[in-house]
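For the sequence shown, the residue numbers in our numbering are 148 to 481. Just so it is clear, CB atoms sit at the ideal spot from N, CA and C, and this is done for glycine as well.
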Amino acid sequence: MPQPPSDQRPSDRCAVLAGLGTCLPERTVTNDDLAERLDTSHEWIHGRTGIASRRIAAEGTSTGDLATAAAGNALASAGRTSCDLVVVATTTPDRACPATAPAVARALGLSGAAAFDLAAVCSGFVYALSTASAMIAAGTCRSALVIGADLYSTITDPDDRGTAIIFGDGAGAVFLESGSRTDPGAVLHHDLGSDGDGRDLITVAPGERYLSMRGREVYVQAVPGMTDSALRVLKGAGWDAEDVDAFVGHQANIRILASVAKRLGLPEERVITNIEEVGNTAAASIPLALAHGVREGRVTRGDRLLLTAFGGGLTWGSTALTWSGAQPVHSVRG
Ligand code: COA
Numbered sequence: 148m149p150q151p152p153s154d155q156r157p158s159d160r161c162a163v164l165a166g167l168g169t170c171l172p173e174r175t176v177t178n179d180d181l182a183e184r185l186d187t188s189h190e191w192i193h194g195r196t197g198i199a200s201r202r203i204a205a206e207g208t209s210t211g212d213l214a215t216a217a218a219g220n221a222l223a224s225a226g227r228t229s230c231d232l233v234v235v236a237t238t239t240p241d242r243a244c245p246a247t248a249p250a251v252a253r254a255l256g257l258s259g260a261a262a263f264d265l266a267a268v269c270s271g272f273v274y275a276l277s278t279a280s281a282m283i284a285a286g287t288c289r290s291a292l293v294i295g296a297d298l299y300s301t302i303t304d305p306d307d308r309g310t311a312i313i314f315g316d317g318a319g320a321v322f323l324e325s326g327s328r329t330d331p332g333a334v335l336h337h338d339l340g341s342d343g344d345g346r347d348l349i350t351v352a353p354g355e356r357y358l359s360m361r362g363r364e365v366y367v368q369a370v371p372g373m374t375d376s377a378l379r380v381l382k383g384a385g386w387d388a389e390d391v392d393a394f395v396g397h398q399a400n401i402r403i404l405a406s407v408a409k410r411l412g413l414p415e416e417r418v419i420t421n422i423e424e425v426g427n428t429a430a431a432s433i434p435l436a437l438a439h440g441v442r443e444g445r446v447t448r449g450d451r452l453l454l455t456a457f458g459g460g461l462t463w464g465s466t467a468l469t470w471s472g473a474q475p476v477h478s479v480r481g
């Protein structure tokens, strides 16, 4: 029997990341700006979190707007114009009903594509990447846009110094297509998990408008939670920690990233971070950091990447993939 092409064999077929797009709001809010109205300082915020500024969307800009721009940029980065599936990972959908993804698909000229939202808070991008990759590997679809987009400014109390200093707005997206596990860009292995006992640590409580966070308790769980997830995905991928060329973790706190890297035995120069400029952008965090790493020349074709996220739920997740060499496309919005 003649063999089907290698990318058609179920055991070998996997998602390959072929495009990367990002979008950030134009307005920058510095720590000094926040210190004008809150009892805080640049020194405290920068020293405790690594954040110097964040981007905040203009009134009237929606999660869908940022998601559409980032996804359009991911399509351009991949040099593609069509796609079978659109997944938007977000905690701040445009409406409670319907999902944001069908409107994003329509705005991109992709009406007819399967489209749904996914809610896993700051782990949302990794959850969505895993879901879409599994659908490609199963043959359910041949291509997918995986978008992480959040407007935390809409759910953050501007008078709460415990949260207003942390979060920023933004969106990042990747374009996936069917390929083989040996292709550069192959999405190789995933680890996902949750612990609902921690559901009150980061929450918009029923009837409340704003997010509340027990930051210290989240911090204490994030470090072992991310480390253990990273170790599980490395084991599944058959990699040792020293095989990892770049660690792209959820940008929640620079000290969390440094502690996880230390526990994994990864040198500092392999930790990709852009938290200083954008803060914690929730589901957008990992694709934005990835694009930053590529632009800085610290992520190059063939590199082995470890993505690890942690967030509300509690949820966590990791992905092992190689880098295709895709060049990120970026845009700015009001
Ligand atoms: N400016 C100045 N002081 C502040 C402050 C601010 N913005 N926020 C809190 N403080 C004060 C507290 O009131 C407290 O004062 P006290 O000692 O007099 O009571 C002191 O600083 C220490 O507060 P604490 O909350 O223990 O600080 P921390 O070192 O844990 O840092 C976070 C706070 C939020 C930066 C940190 O806990 C964190 O990053 N946690 C993880 C959050 C996270 O990752 N969330 C998203 C997950 S997706």
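Please work out which residues of its chain come closer than 7 Å, Cβ to Cβ, to residue i, disregarding the five sequence neighbours upstream and downstream, and give them in chain order.
i: Gly-449; result: Pro-331, Thr-469, Trp-470
i: Arg-346; result: Gly-460
i: Leu-435; result: Thr-169, Gly-317, Gly-319, Asn-421, Val-425, Thr-428
i: Pro-249; result: Ala-262
i: Asp-231; result: Ala-260, Ala-261, Cys-288, Arg-289, Ser-290, Ala-291
i: Met-148; result: Because Met-148 carries a pLDDT of 42, less than 50, the predicted location of this residue cannot be relied on, and the following value inherits that uncertainty. Cβ neighbours of Met-148 beyond the five flanking positions: none.
i: Ser-359; result: Thr-350, Ala-352
How many angstroms separate the CA atom of residue i from the CA atom of residue j?
i: Arg-451; j: Thr-278; result: 20 Å
i: His-189; j: Ser-406; result: 22 Å
i: Arg-410; j: Leu-404; result: 10 Å
i: Val-418; j: Leu-437; result: 11 Å
i: Glu-415; j: Leu-454; result: 15 Å
i: Ala-221; j: Phe-322; result: 6 Å
i: Pro-240; j: Val-365; result: 23 Å
i: Gly-458; j: Arg-184; result: 27 Å
i: Gly-271; j: Ala-182; result: 30 Å
i: Leu-413; j: Arg-227; result: 35 Å
i: Val-446; j: Cys-244; result: 38 Å
i: Arg-156; j: Met-373; result: Because the pLDDT at Arg-156 is just 47, under 50, the model does not fix this residue reliably, and the point stays unresolved.
i: Asp-392; j: Asp-375; result: 19 Å
i: Gly-207; j: His-193; result: 29 Å
Excluding five sequence neighbours on each side, which residues of the same chain lie with their C-beta closer than 6 Å to the C-beta of residue i?
i: Val-441; result: Pro-475
i: Leu-276; result: Val-293, Thr-466
i: Gly-315; result: Arg-201, Arg-202, Val-425, Gly-426, Thr-428
i: Ala-380; result: Checking the sequence, you will find Val at residue 380 rather than Ala. Within the same chain, Val-380 has close Cβ partners His-336, Asp-338, Ser-465, Ala-467.
i: Asp-390; result: Arg-451
i: Asp-344; result: none
Considering only residues of the same chain and omitting the five flanking positions on each side of residue i, which have a CB-CB separation below 8 Å?
i: Glu-482; result: With the chain covering 148 to 481 only, the question about residue 482 has no answer from this structure.
i: Ser-370; result: It should be noted that the sequence gives Val, not Ser, for residue 370. Excluding sequence neighbours, Val-370 sits near Ile-403, Ser-406, Val-407, Arg-410.
i: Val-268; result: Thr-238, Ile-349, Ala-429, Ala-430, Gly-458, Gly-459, Gly-460, Thr-462
Looking only at C-alpha atoms, which of the options sits nearest to residue i?
i: Gly-354; options: Leu-164, Gly-458, Ile-302; result: Ile-302
i: Leu-257; options: Ser-229, Leu-171, Thr-215, Val-163; result: Ser-229
i: Ile-342; options: Val-351, Ser-359, Ser-325, Gln-368; result: Residue identity check: residue 342 is Asp in the sequence provided, not Ile. Ranking Val-351, Ser-359, Ser-325, Gln-368 by Cα distance to Asp-342 puts Gln-368 first.
i: Ala-399; options: Thr-196, Ala-388, Val-251; result: Thr-196
i: Ile-283; options: Asp-212, Gly-340, Thr-462, Asp-159; result: Asp-159
i: Asp-306; options: Ser-325, Cys-269, Arg-356; result: Arg-356
i: His-477; options: Leu-255, Ala-217, Ser-209, Pro-245; result: Ala-217
i: Ser-325; options: Leu-265, Ser-280, Ala-252, Thr-247; result: Ser-280
i: Arg-253; options: Gly-219, Ala-223, Ala-225; result: Gly-219
Extract the residue ranges of the beta strand (DSSP E) inside the region 417 to 467, only unbroken runs of 3 or more that lie entirely within it. 451 to 458
Neighbouring residues (CB closer than 7 Å to any heavy atom of ligand 1): Leu-185, Asp-186, Thr-187, Ser-188, Trp-191, Ile-192, Arg-195, Thr-196, Val-268, Cys-269, Arg-308, Gly-309, Ile-312, Ile-313, Ile-349, Met-360, Gly-362, Arg-363, Val-365, Tyr-366, Ala-369, His-397, Ala-399, Asn-400, Ile-403, Asn-427, Ala-429, Phe-457, Gly-458, Gly-459
Pick out the complete beta strand (DSSP E) segments inside the region 177 to 209, 3 residues or longer, and give them in chain order. Within the region 177 to 209, the complete beta strand (DSSP E) runs of at least 3 residues are 200 to 202.
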